[in-house]
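Report on the following structure.
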Amino acid sequence: MSATPAGGVPCRVVVCRDCCCGTAKVTGVDHTAQTERLREAAPVRVSECLDVCDQANVIVVQPSAAGRAAGARPVWFGLVNDPAATEDIVTWVRAGGPGVAPRPDILDLYAFSPLVKRRAGTS
């Protein structure tokens, strides 16, 4: 696993593993191996549905304390369905992730912004 920045919290990774992500609905992916590979780079939290099923498999990289201090926000990746994409995320996280290391251009192919749902009764 990557080292924790001095005096701070490391990058963290969230993987969606519920109704679509991490299930047989997304074929050809070893979901367990993907999660374990990510755990080799950073702490991983397995989440229930993140409500962006059309982007399965979804991985969110949360910035380290240093990244947050630099103004970074979580980065959402969708359609992470091949080992090469997982490796690109692992490499970036090990380099420091959001706010610390520049995001490799190849990851732009997977990055997306989740839609913010409106609460009932608000406009």
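Just so you know, we're using the working numbering here: the sequence shown kicks off at 114 and counts up by one. Ideal Cβ positions, reconstructed from N, Cα and C, are used throughout, including at glycine. Please read these numbers as outputs of a predicted model, since none were measured by experiment.
Q) Got a sec, what are the start and stop residues for the alpha helix (DSSP H) V203 sits in? A) Walking along the sequence shown from the start, residue 203 turns up at place 90. First-last of the alpha helix (DSSP H) with V203: 196-208.
Along the chain, where does the beta strand (DSSP E) that runs through Q168 open and close? For the purposes of this step, residue 168 is taken as residue 55 along the sequence shown, with counting starting at 1. No beta strand (DSSP E) contains Q168, which DSSP labels as neither H nor E.
TODO: Would you tell me roughly how many angstroms separate the C-alpha atoms of R224 and G121, rounded to the nearest one?
DONE: As a first step, residue 224 is located in the sequence shown; it is residue number 111 there, counting from the start. As a first step, residue 121 is located in the sequence shown; it is residue number 8 there, counting from the start. Residue identity differs from the one stated: residue 224 is Ala in this sequence, not Arg. If you take the alpha carbons of A224 and G121, they lie about 25 Å apart.
- Query: Using the rule of at least 16 other Cβ atoms within 10 Å of the residue's Cβ for burial, across every protein chain shown, is P211 buried or exposed?
  - Reply: Your numbering for residue 211 matches position 98 in the sequence shown. Its Cβ being crowded by 16 or more others within 10 Å, P211 is buried.
Count the other C-beta atoms from every protein chain shown that fall within 10 angstroms of the C-beta of A183, then say buried if there are 16 or more, exposed otherwise. Stepping through the sequence shown from its first residue, residue 183 is reached at position 70. Its Cβ having fewer than 16 others within 10 Å, A183 is exposed.
task: Might you give, ordered along the chain, the residues of its own chain that have their beta carbon closer than 7 Å to the beta carbon of R125, omitting 5 neighbours on each side?
output: Taking the sequence shown and counting its residues from 1, the one referred to as residue 125 is at position 12. So the list reads A155, P156, R158, Q175, once near-sequence residues are dropped.
Cβ separation of P217 and D201, assumed to be a contact under 8 Å, to the nearest whole Å: As a first step, residue 217 must be located in the sequence shown, where it is residue number 104. As a first step, residue 201 must be located in the sequence shown, where it is residue number 88. Contact between P217 and D201 holds: their C-beta atoms lie close to 6 Å from each other, under 8 Å.
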